[in-house]
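Some notes on the structure that comes next.
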Amino acid sequence: MKTAVPTYILVLSTILLAFSSCSDKTLDQKNNKTTSPLFEQANIERTNINFSNEIRENDQFNIVDYFYVYNGGGVSIGDLNNDGLPDIFFSGNMVSDALYMNLDSLKFKDVTKNLGNYNNGWSTGATMVDINHDGLLDIYVCRSGNFEENKRKNLLFINQGDSSFKEQAETYGLADSSYSTQAVFFDYDKDGDLDMYLLNHTNTVRDPNSIKHLLSNGKGPANDRLYRNDEDKGNGIRFTEISKQAGILLDGFGLGVSIADVNDDGWEDIFVTNDFLANDYIYINQQDGTFKEMAKSYLKHVSHFSMGNDVADFNNDGLLDLVTVDMRPEDNFHEKKMSGALNFDLFEKASSFGYLPQYMRNTLQINRGKNATTKTQFSEIGQLAGIDATDWSWGPLFADFDNDGLKDLFITNGYLRDITDLDFINYTNTLANSKMHDSLDHILKEKAKERPSIKIPNYAFKNSGGLTFENVTNKWGVDHPSLSNGAAYSDLDNDGDLDLVINNINDLATVYENRSNSISENYYLTINLIGDSLNLDGLGTEVRIYQASGSQLKRQSVTRGYQSSVDKTVHFGLGTDPKIDSILVAWPNGKINKILNPKTNQKLTISMNSGSAILKLSSKESKKIFKDNTNNLKLALSHGETIYYDFNRTYLLPHKLSEQGPGLAVGDINNDGFEDFFMGGGYNHSGRLFFGSKSGTFSNKLLTPNEKEKYEEDTGVLLFDYDNDNDLDLYITSGSNEFHENSKYYQDRLYENDGQGNFKLTETVLPTLLSSTSCVRAADFDKDGDLDLFVGSRLTPLKYPLPSKSYLLVNEGGKFIDATNKLAPALRKPGMVTDAIWTDYDSDGDFDLIVVGEFMAIEFYANHNGTFSNSSLKTGLTHTAGWWNSINGGDFDNDGDIDYILGNLGLNSKYKATSEEPLSIYASDYDKNGTIDPIITTFNNGKEYPVHSRDDIIKQIPQLKKKFPDYASYAQATINEVLTPQEKSSSYSAKVFEFATSILINNGNGKFDLKPLPEWAQIAPVYGILISDFDGDGNLDVLLSGNNHGTEVGIGRYDASKGTYLKGTGKGNFIPWAFSDLGLLIDGNARGAAAITINNKQGYLFGSNNGNLKSYMLSDQVNSNKALTIPEKSVMAKIVLDDGKIRMHELYNGSSYLSQSTKSIQLSGREKSVIFSDSKARKTGIYNKP
């Protein structure tokens, strides 16, 4: 008799096959060792620490009966005997816990016997806390394991003051018998005493990745628990479990918990990271004794198998950031061995059940501050930061290990048995079909013990400043392979730097001595906080230090990382500056202490009852640059998109091709003197006309009243007078990937205006254009008095990445002729075009064309009396191919020629590319089934590998199953082993060398330099690009919008952008402005962007695919000047500034992604004069400052 597949196998299969993802980094951590590494491992002869968390599988503890058997133990550090030296507690799983007293100079004494007699069990997390506020730290220990409930009771060791302890969890009401991971103490209700949040998991659920409705009634088997300290109720110190009444209701597999004031309202919130499919949670304190889970309001996506977490201000902007670790490998081999088929349908199903998007990688949620609605926003930037792939990770710790004033990141990792190997999982699945249940369980237990360990070095990342980190694992000397779980830091030897203590499985605990004070000249300051009588250690206190170079924030919370707690001493590295201007200490009760000019390189004690106290910090409201006027203008409408599953047609696509719109086109449609605009629509969704008015508000109507009869997917849009009858006609390109090649639904459409804003579809004006097109751009490039067109082709439907026909359309008396082959044969198939701009890039007085696209170089087409040649090689640029989305122009260095901003994928992606190691694509019908098979490759450790999993590439090309019969064979295969030389040479191929959103600096004479924009411009793909002197300082600034939600599941959504404002310096450089100072929020699947004149001032429109239209104006505080109306026929403006500098300004018929902005110029008040000219350089008008 055959049995069902054991639940253990189902768990493993679901882990890897449902939401697996990829990585392209290298396991070989490349940093060269220096002669003086930052850390030195202290051996047992020196430390006397012989604790080893031994795990030996048996009939009770094994991967079948207890799937958290390899999750390891924690570390807790604190000065238990008040001798000024931090002591160490280790939690043991199958071994007893251990306690070591610090004897100085990293020498310790084993005093485990001082814990007294207590029942052995499976200990997990540990936290030191002065629970009875007697001035002595106590130890709370969580329990779990494959035990009956009574043996899982948590422990509380009360410090007796003589280096001995008494276990009293029952007395305090804290002998919880859940499957507990960690406890954290905090004063959630601001009554002065410390309450406790208990993080739980369970061993009773055997299908943790099964998609089902979230349990939210507080009755889940792994529901966390909140204990209120009722000390003031007359019963001594006694805790009461109040989870349900406090709103702690959601089930999960908790592996990480931190306390922080997430929304900056002065009340402590709870950040919980959960394993498997359960969401990560942010419980926001409602200030009335209850919490509300609001992760979806703060986070766009999270890690999938979330382990430990930490909260800290890593970029010194005064805002607390969140880091969570997961299990993505860095090297190609291990990543491919555990990567199964991507399932977009399953991903969408999880979303419909209320789950956040989840991706198997570490996530770094950077706090952006509050937007105009006073809501805190986060952007996930782990891939940009370079910390996303650290293998099977457990404990992340932010701390300034090198005392340079920047918080670094240390991450533990390792797993005793590599059970994520898909070959092993497939083997066990075959056993399930032939073995009895009991026999199979026995075989699985034995086979699991034979699996190799994932034993690699932990990771150390040095904070590089800004948003990125450098992998310094080798350089810092922490490159010893281990199976590490919990870790904690402390200045164990009181020398001014932070040492590390790590709990390892089947190996001695690691103590790393930090040698910063002996190998660097950096300064430090440590602070001992003395709080009030019920919270002596000041948990929840925020400490800020101020130096000439900036400020730092540390929050007093000892529970950090994974199952661990750090020493309560607050540590600051100060870099090479020996001076501190001041310290501000904000205590939980609202009191603030200020200390001026403290000495450095010392341990400073600050008491809440000493020093100068002030009631509150003075807050200065920042001047917002923009203000949201969407509702005031009656523009609260959305773009419609019918969801199409691109990945079910072509399995290896990197992203959807069916979610390109909307584009936005601005102009006075009905000739009433007020600017109007058009927003395109998706399949079965009409585009919409918006009509401006004297009041500034808009009315709207559908272009196609019966939307069900509208099948085209609107992409690029343009308002222009094609027939010279003094009204604006409407051109709409038809794009997407939803129809077969040459479908009639790809025919572009031109609507004729009757002069009053009523449009009629023309029949014979356009030639047959059956490419899937993107942008449409107009210019009188032949100078005959009418507007000609370039129409870019985005793709060949269902044949990604093959390019299709683009078009140069010449206007012949109101009818367009395809003159591409005659006038610009190089433009016929330039690539997968996303955007283009008519511009005089070489300053010779005519319209040239710059074209960009996906897998395309930046291509320059020079105008030679109405004919065009590709002159890209003459620009001085090489290796510019990218996934370019958009382009817009402006004179950013005020030198009289046009520079360009180019939107690209950005750097916050798994995909990486350089000129030496490009991202490549090879495409052909490899299996001869009539479809194009696109294979994307990247480099990992110097070798070129496909990015796709074995399952996905076999789904696309079934014949590869014979070549790669198992995952191991495919995991080792480079592209040269996947494709034969003949297949590779006959493939269509393209490369990407640059993913950074960039600026093209015009050096004159047709020569350019390409430079990446600041890091904040790289956090997501950029689509919308608006250029103006927004702040009125005489220099052009840039406003960017973007994101892309249509990505394949393993890559994950690009959703970090909220709108990026770059302040121009007038020299071609930019300063990113803090999000909290902008007054805008452009998130979602942002696409087209356009400037529009409303009541003589510029406004800014942002479209979002299947999302809300948004509108912003400049704040009156920033710029109260009017927009300058442009004389007819003008194509260029020469702006003379008060300081004598000259800025050239081109007036485009279409710019930015799929869009068209007003031609009016927002005045800054610094313009001395503006001189306008037409396409033949004839003056059309002049503005002089009054």
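Read in order, the letters of the sequence shown correspond to residues -18 to -1, 1 to 1168 in mature numbering (1 follows the signal peptide of the UniProt record, and there is no 0).
Note that the Cβ used here is the ideal one computed from N, Cα and C, for glycine as well.
These numbers come from a predicted model, not from an experiment.
Quiz item: Between I252 and Y179, which are expected to be in contact by the criterion C-beta below 8 Å, what is the C-beta distance as a whole number of angstroms?
Solution: 6 Å
Self-check item: Cut-off 8 Å between Cβ atoms - residues of its own chain near G888, not counting five sequence neighbours on either side
Solution: L366, F977, A978, T979, A999, Q1000, I1001, A1002, P1003, V1004, G1024 and Y1036
Quiz item: Does DSSP put S592 in a helix, a strand or coil?
Solution: coil
Quiz item: Quick one, are the C-beta atoms of N517 and T558 less than 9 Å apart?
Solution: no
Exercise. List the residues that DSSP assigns as beta-bridge partners of L379.
Key: F392
Exercise. Decide yes or no for the touch test of the region 394 to 407 against the region 370 to 386: beta carbon pairs closer than 8 Å, at least 3 of them.
Key: yes
Quiz item: Do you know how far the Cα of G107 is from the Cα of L480?
Solution: 21 Å
Quiz prompt | DSSP state of Q938 mapped onto helix, strand, coil | solution = helix
Quiz item: When DSSP builds the beta bridges, which residues end up paired with K274?
Solution: I266
Quiz item: Under 9 Å between the Cβ atoms of L346 and D313?
Solution: no
Quiz item: Buried or exposed: where does E213 fall if 16 or more other Cβ atoms within 10 Å of its Cβ makes it buried?
Solution: buried
Quiz item: Where DSSP assigns a beta bridge to N984, which residues make up the other side?
Solution: F990
Quiz item: Which of the three DSSP states, helix, strand or coil, is assigned to E898?
Solution: coil
Quiz item: Are the beta-carbon atoms of S788 and S825 separated by less than 9 Å?
Solution: no
Practice problem: Let me know the secondary structure DSSP gives G649 once reduced to three states. | Solution: strand
Quiz item: Skipping 5 residues on each side, what residues in its chain have a beta carbon closer than 6 Å to that of D400?
Solution: R433, P434 and I436
Quiz item: Can you tell me whether DSSP reads K616 as helix, strand or coil?
Solution: coil
Quiz item: Any contact of the region 1007 to 1020 with the region 1047 to 1056, i.e. 3+ C-beta pairs under 8 Å?
Solution: yes
Quiz item: Residues in its own chain within less than 8 Å of G1061 by CB, not counting five upstream and five downstream?
Solution: N353, A354, K606, I607, F608, K609, D610, Y1094 and S1097
Practice problem: Could you name the residues of the same chain whose beta carbon sits closer than 6 Å to that of P19, not counting the 5 residues immediately before and after it, in chain order? | Solution: W458 and G459
Quiz item: Taking DSSP as the reference, what is the three-state secondary structure of E794?
Solution: coil
Exercise. Grab me the residues of residue 1193's own chain with a C-beta within less than 6 Å of its C-beta, minus the 5 sequence neighbours each way, in chain order.
Key: The question about residue 1193 has no answer, for the chain in this structure spans -18 to 1168.
Exercise. Kindly indicate which residue of F975, L901 and S1157 has the alpha-carbon position closest to the one of D828.
Key: S1157
Self-check item: Reference F1057, options D817, T358 and K585, closest by Cα
Solution: T358
Self-check item: Straight-line gap, G86 to K172 (C-alpha atoms, nearest Å)
Solution: The sequence given here places Asp at residue 86; Gly does not occur at that position. Going by the C-alpha atoms only, they are around 37 Å apart.
Quiz item: With distances taken between CB atoms, is the gap from N297 to G448 smaller than 9 Å?
Solution: yes
Quiz item: If you draw a straight line from the alpha carbon of L771 to that of I714, how long is it in whole angstroms?
Solution: 12 Å
Practice problem: Report back the beta-carbon spacing between P68 and G60 to the nearest angstrom; my notes put them in contact at under 8 Å. | Solution: 6 Å
Practice problem: Give the range of the alpha helix (DSSP H) segment to which V187 is assigned. | Solution: Segment: none, V187 is in no alpha helix (DSSP H) and carries neither H nor E.
Quiz prompt | Contact under 9 Å by Cβ, Y265 with H183 | solution = no
Quiz item: Given A808, which residues of its chain have a CB within under 6 Å of its CB, disregarding the five upstream and five downstream residues?
Solution: N852
Quiz prompt | Candidates K989, V567 and T582: closest to N575 by CA position | solution = V567
Quiz item: Under 9 Å, do G300 and S681 count as touching if we go by C-beta distance?
Solution: no
Quiz prompt | CB of Y843 within 9 Å of CB of V833, strictly | solution = yes
Quiz item: By a C-beta neighbour count over all protein chains shown, 10 Å radius and 16 as the cutoff for buried, is L790 buried or exposed?
Solution: buried
Quiz item: Just checking my contact of M110 with V540 at CB under 8 Å: how many whole Å lie between their CB atoms?
Solution: 7 Å
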